[in-house]
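Please read the structure below before turning to the comments.
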Amino acid sequence: MSIKRVGIFDSGVGGLTVVKEVRNTFPNLDLFYLGDTARLPYGDKSEDTIINYSYKNTKFLLSFDIDLLIVACNTSSSFSLPFLEREFKLPIVGMISPGAALALKRTKNKKIGLIGTRATIRSGSYRKEIEKIDSKAEVYDASCPLLVPLVEEGFFDDEVTEIVARRYLKGLEEKGIDVLILGCTHYPVLKPTLKKILPDVEMISSGEATSLHLKEKFGLGESPAPPSKIKGGLRIFATDTGTHFKEVAEKLLGENIELESVAL
Ligand code: DGL
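Under our numbering, the first residue of the sequence shown carries the number 1030, and numbering increases by one thereafter.
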């Protein structure tokens, strides 16, 4: 099937790390992004609430006649994927299986670190997926609830973020991990900070994993055009535009955007 229009959602700006990667790799796609800022963060919510929000987000994005949905939120992917796949008849890509597969591809010693929201870690989604593919791999995880608000605040490479991240990563440092799954789409912008703490560990981001997955599973071809030649459109919606979403989104994407508001 030919994929031209892709819907992508997250609770806030985080999913734009996936948008950036997908847009650079497949510059001819038309992308429709929704940040559910009115209900952020998802990471502390219950399973039912996360599924309910994910359902509404998907319904909204379907109004753009999309060919494929990317759930660019690890928290939502951890809980709502089976439900969304039952309810909606279109291909849906979540973050967990591409991220787990890429981590296993890159690890040499099979000691995999994982950071994510409380809900993602609690769900055990990555652990289950990794064990399914390779039962010998060991997973060491840590939930990092304060990192999402720091990213939403635009504190990407900042001393406050570094102090918080050091505290969360303390337990992982001693485990000898050689890869770290950034199991939340907000985290890739923190790579420079995380690298200061774990310099020898390879970081696995949802955006890179998703692009690889789109190539391998959906046969999407990379366009030879450099990012400056992006032809596809990008519309960005938020359920609450009262925050400084636009500013942070522009910083993250490195381009000016027009932010549209939607009530769900
Ligand atoms: N970016 C989302 C994720 O990948 C979650 C952030 C939140 O807690 O809302 O899990």
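Beta carbons are placed, not taken as given, at the ideal position from N, Cα and C, and that holds for glycine. Fair warning: this is a prediction, and the values are worked out from it, not measured in the lab.
Practice item. Please specify which runs of the beta strand (DSSP E), each continuous and at least 3 residues long, are wholly inside the segment 1172–1252, giving them in chain order. Key: The segment 1172–1252 contains these whole beta strand (DSSP E) runs: 1208–1212, 1231–1234.
Practice item. Answer yes or no: the CB of H1215 versus the heavy atoms of the ligand DGL, is any distance below 7 angstroms? Key: Here residue 1215 is taken as the residue at index 186 of the sequence shown, counted from 1. Yes, the beta carbon of H1215 sits closer than 7 angstroms to at least one heavy atom of the ligand DGL.
Check your understanding: Can you list, in chain order, the stretches of the alpha helix (DSSP H) that have 4 or more residues and sit fully within the segment 1100–1187?
Key -> 1103–1116, 1125–1135, 1147–1152, 1154–1162, 1176–1181
Review point. Where do the N-terminal and C-terminal ends of the alpha helix (DSSP H) with I1265 fall, by residue?
Key: The residue labelled residue 1265 in the question sits at position 236 within the sequence shown. Looking at the DSSP string, I1265 is not in any alpha helix (DSSP H); the run it does join, the beta strand (DSSP E), is 1263–1267.
Review point. Taking 7 angstroms as the line, does the beta carbon of T1104 fall inside it for any heavy atom of the ligand DGL?
Key: Translated into the one-based positions of the sequence shown, residue 1104 becomes position 75. Yes - the ligand DGL has a heavy atom lying nearer than 7 angstroms to the Cβ of T1104.
Exercise for review: Compute every distance between the C-beta of S1040 and the non-hydrogen atoms of the ligand DGL, then say whether any falls below 7 angstroms.
Suggested key: As a first step, residue 1040 is located in the sequence shown; it is residue number 11 there, counting from the start. It does: the Cβ of S1040 is within 7 angstroms (strictly closer) of some heavy atom of the ligand DGL.
Exercise for review: Tell me whether I1192 is buried or exposed, calling it buried when 16 or more other Cβ atoms sit within 10 Å of its Cβ.
Suggested key: As a first step, residue 1192 is located in the sequence shown; it is residue number 163 there, counting from the start. Result: exposed.
Practice item. Please classify V1168: is it buried, with 16 or more other beta-carbons within 10 angstroms of its beta-carbon, or exposed? Key: For the purposes of this step, residue 1168 is identified with residue 139 of the sequence shown, where counting begins at 1. Classification for V1168: buried.
Check your understanding: Is any heavy atom of the ligand DGL found at a distance shorter than 7 angstroms from the C-beta of L1143?
Key -> To locate residue 1143, count along the sequence shown from 1; it is residue 114. Result no, Cβ not under 7 angstroms from the ligand DGL.
Check your understanding: Can you tell me the Cα-Cα spacing of G1041 and T1054, whole angstroms?
Key -> Taking the sequence shown and counting its residues from 1, one reaches residue 1041 at position 12. Taking the sequence shown and counting its residues from 1, one reaches residue 1054 at position 25. Spanning the two alpha carbons is a distance of roughly 22 angstroms.
Practice item. Kindly indicate which residue of F1247, K1139, R1264, T1078 has the alpha-carbon position closest to the one of F1112. Key: Counting from one through the sequence shown, the residue named residue 1112 turns up at place 83. Ranking the options by Cα distance to F1112, first place goes to T1078.
Review point. Which residue comes first and which comes last in the alpha helix (DSSP H) that contains E1287?
Key: Indexing the sequence shown from 1 puts residue 1287 at position 258. Per DSSP, E1287 belongs to no alpha helix (DSSP H) and is neither H nor E.
Practice item. Quick one: give me the first and last residue of the alpha helix (DSSP H) that I1079 is part of. Key: Residue numbering aside, residue 1079 sits at position 50 when the sequence shown is read from its first letter. First-last of the alpha helix (DSSP H) with I1079: 1076–1091.
Exercise for review: Within the same chain, show all residues whose beta-carbon is closer than 6 angstroms to that of L1263, passing over the 5 residues directly before and after it, in chain order.
Suggested key: If you number the sequence shown from 1, residue 1263 lands on position 234. Within the same chain, L1263 has close Cβ partners L1060.
Review point. Does the ligand DGL have a heavy atom nearer than 7 angstroms to the CB of L1131?
Key: Taking the sequence shown and counting its residues from 1, one reaches residue 1131 at position 102. Flag unset: Cβ of L1131 not near the ligand DGL.
Review point. Cβ of T1146 within 7 angstroms of any heavy atom in the ligand DGL?
Key: The sequence position of residue 1146 within the sequence shown is 117, counting from 1. T1146 Cβ: within cutoff of the ligand DGL.
Review point. What are the residues that DSSP puts in a beta bridge with V1035?
Key: Residue 1035 sits at position 6 when you count from the first residue of the sequence shown. Paired residues: L1060, L1097.
**Study point:** Cβ-based burial, K1074 [other Cβ within 10 Å; buried from 16]
**Key:** In the sequence shown, the residue the question calls residue 1074 occupies position 45. Burial call: buried.
Review point. How about V1208 and R1156: are their beta carbons less than 8 angstroms apart?
Key: As a working note, residue 1208 is residue 179 in the sequence shown. As a working note, residue 1156 is residue 127 in the sequence shown. For V1208 and R1156, no; Cβs fall outside 8 angstroms.
Point to revise | Own chain, CB closer than 8 angstroms to E1237, minus 5 neighbours either side, in chain order | key: In the sequence shown, the residue the question calls residue 1237 occupies position 208. Closer than 8 angstroms at the Cβ level, and outside the excluded window around E1237, lie E1050, L1131.
Point to revise | Among A1171, I1032, L1133, nearest to I1144 - alpha-carbon criterion | key: Counting from 1 along the sequence shown, the entry for residue 1144 is found at position 115. It is A1171.
Review point. Whose CA, out of P1070, T1046, F1038, lies closest to the CA of V1177?
Key: Taking the sequence shown and counting its residues from 1, one reaches residue 1177 at position 148. Per the Cα distances, P1070.
Practice item. With DSSP as the reference, label T1054 as helix, strand or coil. Key: On the sequence shown, position 25 is the one that residue 1054 refers to. In this structure, T1054 counts as helix in the three-state DSSP scheme.
Check your understanding: Sorted by chain position, which residues of the same chain lie with C-beta nearer than 6 angstroms to L1243's C-beta, five sequence neighbours on each side aside?
Key -> Here the question's residue 1243 lines up with position 214 in the sequence shown. So the qualifying residues of the chain are L1249.
Check your understanding: Under 8 angstroms between the Cβ atoms of I1141 and I1080?
Key -> Working through the sequence shown from its first residue, we reach residue 1141 at position 112. Working through the sequence shown from its first residue, we reach residue 1080 at position 51. For I1141 and I1080, no; Cβs fall outside 8 angstroms.
Review point. Taking the alpha carbon of L1293 as the point to measure from, which residue in L1282, D1269, P1120 has its own alpha carbon closest?
Key: In the sequence shown, residue 1293 corresponds to position 264, counting from 1. Of the candidates L1282, D1269, P1120, the one whose C-alpha sits nearest the C-alpha of L1293 is D1269.
Exercise for review: Kindly give me the distance between the Cβ atoms of G1044 and C1213, rounded to whole angstroms, as I take these residues to be in contact under 8 angstroms.
Suggested key: For the purposes of this step, residue 1044 is taken as the residue at position 15 of the sequence shown. For the purposes of this step, residue 1213 is taken as the residue at position 184 of the sequence shown. At roughly 10 angstroms, the Cβ-Cβ gap does not stay under 8 angstroms, so G1044 and C1213 are not in contact.
Practice item. Figure out for me which residue from P1174, Y1062, S1092 has the closest Cα to the Cα of T1046. Key: As a first step, residue 1046 must be located in the sequence shown, where it is residue number 17. Comparing Cα positions, the closest option is Y1062.
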